[in-house]
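Trainee: Here the sequence shown is numbered in this note's numbering, starting from 343 and rising by one per residue. Have a look at this one before I ask anything.
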Amino acid sequence: NEDRHITVSSVNPGQRVWIRVHPTDTGKELAERIHIVASYKTQRVIKITTASGRSVPLDNSPVFEDWNEIVAFKEGEAWKVDWGMLNPSYIDIISEGKEFMKQLKANFKSSS
343 NEDRHITVSS VNPGQRVWIR VHPTDTGKEL AERIHIVASY KTQRVIKITT
393 ASGRSVPLDN SPVFEDWNEI VAFKEGEAWK VDWGMLNPSY IDIISEGKEF
443 MKQLKANFKS SS
């Protein structure tokens, strides 16, 4: 099994979560996995920093720069994640959608 695991801080204070990382992962793939597991899709990853202090590009570049980095990797290494807000327009859409559903229910109840 080539999977390895890092630990990162969750959005919940004091909580760390284990994240699977594969030697062939890209920064984009890892950021998405962290976004789902550590923030429950509530915040976006704006930066990932390895245990050695290297910044991982959040694009289609490999997470690991070379084979030596993979060999030196320690299971459960603590990596740092910087969080940012989700795109505000998505939050507006969700809020508007909830408001629309309330209005729809109210109209449905009043017409029956």
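A virtual CB, placed ideally from N, CA and C, is assigned to each residue, including glycine.
Would you mind working out which of Ser-452, Thr-368 and Asp-345 sits nearest Leu-400, comparing C-alpha positions?
Mentor: Thr-368
Trainee: For Phe-450, count neighbouring Cβ atoms within 10 angstroms of its own Cβ and tell me buried if that reaches 16, exposed if not.
Mentor: exposed
Trainee: Please list, in chain order, all residues of the same chain as Glu-417 whose beta carbon is under 7 Å from its beta carbon, the five residues on each side excluded.
Mentor: Same-chain partners within the cutoff: Arg-346 and His-347.
Trainee: Going by the beta-carbon positions, is the gap between Trp-360 and Ala-393 smaller than 8 Å?
Mentor: no
Trainee: Pull up the distance between the alpha-carbon of Ser-397 and that of Gln-357, whole angstroms please.
Mentor: 22 Å
Trainee: Are the CB atoms of Val-350 and Val-405 within a distance shorter than 8 Å?
Mentor: no
Trainee: Given Leu-428, which residues of its chain have a CB within under 6 Å of its CB, disregarding the five upstream and five downstream residues?
Mentor: Arg-386
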